[in-house]
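J.: In full-length UniProt numbering, the protein residues as written are 1 to 750. Once you've had a glance at the structure underneath, I'll fire off some questions.
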Amino acid sequence: MAESETRYRVGGMDCAGCATKIDTAVRRVAGVADVSVSVMAGTMTVRHDGSSDLKVIEKKVTGLGYSVAPLAGSAAPARTQGSQHRHDHGHDCGDHAGHDHDHASDDHDHPHDHGEKEIEGLHGHDHAPMAGLWWQSRKGRLTILSGAALVAAYAVGHLLPAIASYAFIVAMLIGLVPIARRAIMAALSGTPFSIEMLMTIAAVGAVIINAGEEAATVVFLFLVGEMLEGVAAGKARESIQSLAGLVPKNALLEDNGQTREVPAESLSVGATIMVRPGDRISADGIIISGESAIDEAPVTGESTPVRKGVDAVVFAGTVNGDAVLRVRVTAAAADNTIARVVKLVEEAQESKAPTERFIDRFSRYYTPGVVVVAALVAVVPPLLFAGPWGEWVYKGLAILLIGCPCALVISTPAAIAASLSTGARRGLLMKGGAVLETLGKVTMVAFDKTGTLTEGRPQVTDIISFGLSEAQVLSRAAVLEQGSSHPLALAILNRAKSDGVPVPPAFELEALPGKGVSGKVGGETLDLLSPPAARERGALSAEQDARITALNDEGKSVSVLLVNGVAAGLIAMRDEPREDAEAGLAALKSAGVKAMMLTGDNKRTAAAVAGMLGIDWRGEMMPEDKQRVVGELKHRGFIVAKVGDGINDAPALAAADIGIAMGGGTDVALETADAAVLHGRVSDVARMIELSKRTMRNILQNITIALGLKAVFLVTTIAGITGLWPAILADTGATVLVTINALRLLRIKI
Numbered sequence: 001m002a003e004s005e006t007r008y009r010v011g012g013m014d015c016a017g018c019a020t021k022i023d024t025a026v027r028r029v030a031g032v033a034d035v036s037v038s039v040m041a042g043t044m045t046v047r048h049d050g051s052s053d054l055k056v057i058e059k060k061v062t063g064l065g066y067s068v069a070p071l072a073g074s075a076a077p078a079r080t081q082g083s084q085h086r087h088d089h090g091h092d093c094g095d096h097a098g099h100d101h102d103h104a105s106d107d108h109d110h111p112h113d114h115g116e117k118e119i120e121g122l123h124g125h126d127h128a129p130m131a132g133l134w135w136q137s138r139k140g141r142l143t144i145l146s147g148a149a150l151v152a153a154y155a156v157g158h159l160l161p162a163i164a165s166y167a168f169i170v171a172m173l174i175g176l177v178p179i180a181r182r183a184i185m186a187a188l189s190g191t192p193f194s195i196e197m198l199m200t201i202a203a204v205g206a207v208i209i210n211a212g213e214e215a216a217t218v219v220f221l222f223l224v225g226e227m228l229e230g231v232a233a234g235k236a237r238e239s240i241q242s243l244a245g246l247v248p249k250n251a252l253l254e255d256n257g258q259t260r261e262v263p264a265e266s267l268s269v270g271a272t273i274m275v276r277p278g279d280r281i282s283a284d285g286i287i288i289s290g291e292s293a294i295d296e297a298p299v300t301g302e303s304t305p306v307r308k309g310v311d312a313v314v315f316a317g318t319v320n321g322d323a324v325l326r327v328r329v330t331a332a333a334a335d336n337t338i339a340r341v342v343k344l345v346e347e348a349q350e351s352k353a354p355t356e357r358f359i360d361r362f363s364r365y366y367t368p369g370v371v372v373v374a375a376l377v378a379v380v381p382p383l384l385f386a387g388p389w390g391e392w393v394y395k396g397l398a399i400l401l402i403g404c405p406c407a408l409v410i411s412t413p414a415a416i417a418a419s420l421s422t423g424a425r426r427g428l429l430m431k432g433g434a435v436l437e438t439l440g441k442v443t444m445v446a447f448d449k450t451g452t453l454t455e456g457r458p459q460v461t462d463i464i465s466f467g468l469s470e471a472q473v474l475s476r477a478a479v480l481e482q483g484s485s486h487p488l489a490l491a492i493l494n495r496a497k498s499d500g501v502p503v504p505p506a507f508e509l510e511a512l513p514g515k516g517v518s519g520k521v522g523g524e525t526l527d528l529l530s531p532p533a534a535r536e537r538g539a540l541s542a543e544q545d546a547r548i549t550a551l552n553d554e555g556k557s558v559s560v561l562l563v564n565g566v567a568a569g570l571i572a573m574r575d576e577p578r579e580d581a582e583a584g585l586a587a588l589k590s591a592g593v594k595a596m597m598l599t600g601d602n603k604r605t606a607a608a609v610a611g612m613l614g615i616d617w618r619g620e621m622m623p624e625d626k627q628r629v630v631g632e633l634k635h636r637g638f639i640v641a642k643v644g645d646g647i648n649d650a651p652a653l654a655a656a657d658i659g660i661a662m663g664g665g666t667d668v669a670l671e672t673a674d675a676a677v678l679h680g681r682v683s684d685v686a687r688m689i690e691l692s693k694r695t696m697r698n699i700l701q702n703i704t705i706a707l708g709l710k711a712v713f714l715v716t717t718i719a720g721i722t723g724l725w726p727a728i729l730a731d732t733g734a735t736v737l738v739t740i741n742a743l744r745l746l747r748i749k750i
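Structure follows, in structure tokens:
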């Protein structure tokens, strides 16, 4: 039976423990093959064989105290592990352009829609990312109520000392009952060692040994910590989902000569929209009339507006600058660049990095181990060394609270989620934690040349005249190239346009296959020929031929202009390096990363471009040759990233440790490789590697904070220096600290 995949929006998740409980419970449902839960994205993906009852899956999740809503259109044939992020990205992300948020808010306002009504009050989790006013959330209200009860208990204890212990027990129960219910549901679903269970045992144990005041305080501090975790998780989640809010809700549709306002979601491919100056563009498309400066910073992180005219590609969410544009829509709302970026980042957050997988495995043994240690601390000293039972049971209960692995388990995904979001907002897409982690280890970057290190289109570099002015040579050449779409012809026409050179109409234009083009204008017979064709006519002197050879040695293509059969000038063209190519390669070198250029171009052109950039190179390479060289580099011990356009470089991209596609938001750029640089800057490859290194440093800091705090409090608890409430601070405090530390990655400048 073919596997299917269903994605859900899950509300109320705010720590790694939440994800673990949901994962464990859903895996127990018959027919479920795999589960991926992302706390930061607030999503869950379930792979199942089609026999699973999806209602049972939803009931398992709601039973644990979370809201759940299927993402419409998410059911799809499951992808194999190896191709998990290679296909279908544009076809099942319909909800990310605006629908997902509706689900989240619906869950919050109408919990009964998803089976919540029968367990109202079961838990302290609220049903949407905790953003905005924390005291309006269910978790916030429970925390306030618990705090008020604790203050009241202190007041009662001061006024009526005889019933103080009972007042604290009541205050404790107000906060503990929802926690205990969640603990029981988690235990029944396969997670007996949840933080809620440890918390419940510790609080009840404290009451039994007559430490009710501390029990009530610990429950309140636990709820405060959970609430802070919710706020922090909400911030991280908002950072990427706010991208979806960049797309305007409405668009100006041209229909039968009339312009009317319609919802942006209703735009179909091929429709024509009008975009006024200052408006956000409401769909991906191609400009069919008008020219304007487009502010692409919201989508690609490009700081300066880009001048775009007819036939240029524009993205949804970017801002039109100074002129009216008419745009033909090329992607529906569900498939636009922003929707796919959000989709890809959320999927990436669900795929675990090697470090994260190791910590997950570690925590499976760590928590039961801590429970055993706590039990031994509580029992062994009184039994073997006649220690006081009350004192050692108290210490054992404190160790239980220290033992929760929440901070440790969230240390990696929190940093990775923040880093993926930061990258996406700057046009750097990385498909998962494993990709992000490997990028920081890269020691060799192999670049394609055309369209990667270079602009991908020839430009006129030299105009050499023999008797005429440079402008006259350019004007006559442009006359002959009118109407041609050949890249070299476009280079000449673009240069004529930018220089303001007149281009009068030509007569009797004739293409000379394999040689060039000829025509007549103003009584002159003009020919624009390749050097071999000009030599055939005997039109070149030895000196002129030497000039052509010198230009060829610089990797330039040369066209010869003849006027009435006599050589009048040379026009040299070359695909020039990108503006930032040299700086980008220098940034890699300063980071200790080597670079190499692999190109299918002839060796003369390859050597010229490589010489300008100061980079090692291999030329005249077929796609399989590039793949072979990548394999050789890996065999020599390099961690290799291959950067290319995602089409002819596909074999090499697949062979490399990391494949990075250069592109402007195209399907290929977003879907082919492990990572993509949306606005095609060479320097962004270095930025991606730097972001990875910063993320790994952040993860190391987080693990140190989590384990360090626990180690300190473990020692101080056994020594009798600290008790129950510092122990709960060691847990929830560490979780909040590592989350806040991870959120610093949202603000870094790269």
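We put the CB at the ideal spot given by N, CA and C, even for glycine.
(1) To the nearest angstrom, report how far apart residue 70 and residue 274 are at their CA atoms.
(2) Is the separation between the beta-carbon of residue 371 and that of residue 400 shorter than 9 Å?
(3) Curious, which full-length alpha helix (DSSP H) runs of at least 4 residues does the segment 336-422 contain?
(4) Which residue marks the beginning of the beta strand (DSSP E) containing residue 8, and which one marks its end?
(5) From the DSSP output, which residues share a beta bridge with residue 605?
(6) Measure the alpha-carbon distance for residue 489 versus residue 345 and round it to whole angstroms.
(7) Under 8 Å: do the segment 219-229 and the segment 135-149 share three or more Cβ pairs, one atom per stretch?
(8) Does residue 394 pass the burial test, meaning 16 or more other C-beta atoms within 10 Å, or should it be called exposed?
(9) Can you have a look at residue 255 and say buried or exposed, based on whether 16 or more other CB atoms are within 10 angstroms of its CB?
(10) Could you pull the DSSP bridge partners for residue 192 from this structure?
(11) For residue 528, which beta-bridge partners are listed by DSSP?
(12) What do you reckon, are the CB atoms on residue 542 and residue 466 nearer than 9 Å?
(13) Considering only C-alpha positions, which residue in the set 684, 139, 251 is nearest to residue 267?
(14) On a Cα-Cα basis, can you pick out the residue from 633, 593, 416, 505 that is closest to residue 698?
(15) Residue 641 to residue 328, Cα distance in whole Å?
(16) Is residue 249 helix, strand or coil when you go by DSSP?
(17) For residue 382 and residue 157, I'd like the C-alpha separation in whole angstroms.
(18) Since residue 459 sits in a beta bridge, which residues does DSSP pair it with?
(19) Which value, in whole angstroms, describes the spacing of the CA atoms of residue 741 and residue 726?
(20) For residue 23, which residues from the same chain have a beta carbon less than 7 Å from its beta carbon, with the 5 sequence-adjacent residues on both sides left out?
(21) Rounded to whole angstroms, what is the Cα-Cα separation between residue 184 and residue 734?
(22) Whole angstroms are fine: how far does the CA of residue 176 sit from the CA of residue 631?
(23) For the segment 514-533 and the segment 553-567, state whether three or more C-beta atom pairs, one from each stretch, are separated by less than 8 Å.
(24) Looking at the structure shown, is residue 197 part of a helix, part of a strand, or coil, going by DSSP?
(25) Give me the residue from 409, 356, 366 with the minimum Cα distance to residue 432.
(26) Among the residues of its own chain, which have a CB less than 7 Å from the CB of residue 198, if the five just before and after it don't count?
(27) May I have the straight-line CA-CA distance separating residue 790 from residue 682, to the nearest angstrom?
(28) Does the beta-carbon of residue 364 have 16 or more other beta-carbons within 10 angstroms, so that it is buried, or is it exposed?
(29) Distance check for residue 621 and residue 497, CA to CA, integer angstroms please.
(30) Within its chain, find whatever has a CB closer than 7 Å to the CB of residue 85; leave out the 5 residues flanking it on each side and keep chain order.
(31) Ordered along the chain, which non-local residues of its own chain (more than five positions away) have a Cβ less than 6 Å from that of residue 703?
(32) What did DSSP end up calling residue 106 once you bin it into helix, strand or coil?
(33) So, helix, strand or coil for residue 502, using DSSP?
(34) Is the distance from the Cβ of residue 480 to the Cβ of residue 675 below 9 Å?
(35) Please list the terminal residues of the continuous beta strand (DSSP E) segment that includes residue 447.
(36) Which term fits residue 343, buried or exposed, when burial requires 16 or more other beta carbons within 10 angstroms of its beta carbon?
T.: So, from the listed chains and residues:
(1) The count along the sequence shown starts at 1 and reaches residue 70 at position 70. The count along the sequence shown starts at 1 and reaches residue 274 at position 274. Cα to Cα, the separation comes out at about 35 Å.
(2) Locating residue 371 in the sequence shown gives position 371, where the first residue counts as 1. Locating residue 400 in the sequence shown gives position 400, where the first residue counts as 1. Contact flag set, yes.
(3) 337-350, 354-385, 389-402
(4) Along the sequence shown, one-based indexing puts residue 8 at 8. Here the beta strand (DSSP E) through residue 8 covers 4-11.
(5) Sequence index remark: in the sequence shown, residue 605 carries index 605 (1-based). The partner list for residue 605 (beta bridge, DSSP) is empty, contrary to what the question assumes.
(6) One-based indexing of the sequence shown puts residue 489 at position 489. One-based indexing of the sequence shown puts residue 345 at position 345. Distance between the alpha carbons of residue 489 and residue 345: 41 Å.
(7) yes
(8) Reading the sequence shown from its first residue, position 394 is the one you call residue 394. Flag for residue 394 reads buried.
(9) Position 255 of the sequence shown, counting from 1, holds the residue named residue 255. It is exposed - the Cβ of residue 255 has fewer than 16 other Cβ atoms within 10 Å.
(10) The count along the sequence shown starts at 1 and reaches residue 192 at position 192. According to DSSP, which records beta bridges pairwise, residue 192 is partnered with nothing at all.
(11) Here residue 528 corresponds to residue number 528 of the sequence shown, with the count starting at 1. For residue 528, which the question treats as bridged, DSSP gives the partners 517, 561.
(12) Taking the sequence shown and counting its residues from 1, the one referred to as residue 542 is at position 542. Taking the sequence shown and counting its residues from 1, the one referred to as residue 466 is at position 466. No, the Cβ-Cβ distance between residue 542 and residue 466 is not below 9 Å.
(13) Counting from one through the sequence shown, the residue named residue 267 turns up at place 267. It is 251.
(14) Residue 698 sits at position 698 when you count from the first residue of the sequence shown. That would be 416, whose Cα lies nearest to the Cα of residue 698.
(15) Indexing the sequence shown from 1 puts residue 641 at position 641. Indexing the sequence shown from 1 puts residue 328 at position 328. Each residue's Cα considered, the two are about 36 Å apart.
(16) Your numbering for residue 249 matches position 249 in the sequence shown. The answer is coil: DSSP assigns residue 249 none of H, G, I, E or B.
(17) Counted from its first residue, the sequence shown places residue 382 at position 382. Counted from its first residue, the sequence shown places residue 157 at position 157. Rounded to the nearest angstrom, the two C-alpha atoms are 32 Å apart.
(18) Numbered from its first residue, the sequence shown carries residue 459 at position 459. Partner(s): 574.
(19) For the purposes of this step, residue 741 is identified with residue 741 of the sequence shown, where counting begins at 1. For the purposes of this step, residue 726 is identified with residue 726 of the sequence shown, where counting begins at 1. Residue 741 and residue 726: Cα-Cα distance of roughly 21 Å.
(20) Position 23 of the sequence shown, counting from 1, holds the residue named residue 23. Around residue 23: 35, 37.
(21) Within the sequence shown, numbered from 1, the residue matching residue 184 stands at position 184. Within the sequence shown, numbered from 1, the residue matching residue 734 stands at position 734. If I take the Cα positions, the gap works out to 25 Å.
(22) Taking the first residue of the sequence shown as position 1, residue 631 is located at position 631. Taking the first residue of the sequence shown as position 1, residue 176 is located at position 176. Going by the C-alpha atoms only, they are around 58 Å apart.
(23) yes
(24) Your numbering for residue 197 matches position 197 in the sequence shown. DSSP places residue 197 in helix when its eight states are reduced to three.
(25) Locating residue 432 in the sequence shown gives position 432, where the first residue counts as 1. Checking every option, the nearest Cα to that of residue 432 belongs to 356.
(26) Within the sequence shown, numbered from 1, the residue matching residue 198 stands at position 198. Closer than 7 Å at the Cβ level, and outside the excluded window around residue 198, lie 400, 401, 403, 404.
(27) Since the displayed the chain opens at 1 and closes at 750, residue 790 lies outside it and no answer follows.
(28) One-based indexing of the sequence shown puts residue 364 at position 364. Looking at its Cβ environment, which holds fewer than 16 other Cβ atoms inside 10 Å, residue 364 is exposed.
(29) Translated into positions along the sequence shown, residue 497 becomes position 497. Translated into positions along the sequence shown, residue 621 becomes position 621. Cα to Cα, the separation comes out at about 35 Å.
(30) Taking the first residue of the sequence shown as position 1, residue 85 is located at position 85. With a pLDDT of 37 at residue 85, under the threshold of 50, the predicted position of this residue should be treated as unreliable, though the coordinate-derived value follows. Counting only Cβ-Cβ distances below 7 Å, and skipping sequence neighbours, we find 347, 431, 432.
(31) By one-based count along the sequence shown, residue 703 stands at place 703. Here the set comprises 411.
(32) Taking the sequence shown and counting its residues from 1, the one referred to as residue 106 is at position 106. Reliability of the predicted coordinates at residue 106 is poor, the pLDDT of 36 falling under 50, and the value obtained from them is presented with this limitation in mind. Here residue 106 sits in helix by DSSP.
(33) Working through the sequence shown from its first residue, we reach residue 502 at position 502. Residue 502: coil per DSSP, three-state reduction.
(34) For this step, residue 480 is matched to residue 480 along the sequence shown. For this step, residue 675 is matched to residue 675 along the sequence shown. Taking 9 Å as the Cβ cut-off, residue 480 and residue 675 do not qualify as a contacting pair.
(35) Residue mapping note: residue 447 aligns to position 447 of the sequence shown, counting from 1. Segment 444-447, the beta strand (DSSP E) holding residue 447.
(36) Here residue 343 refers to the residue found at position 343 when the sequence shown is read from its first residue. Classification for residue 343: buried.
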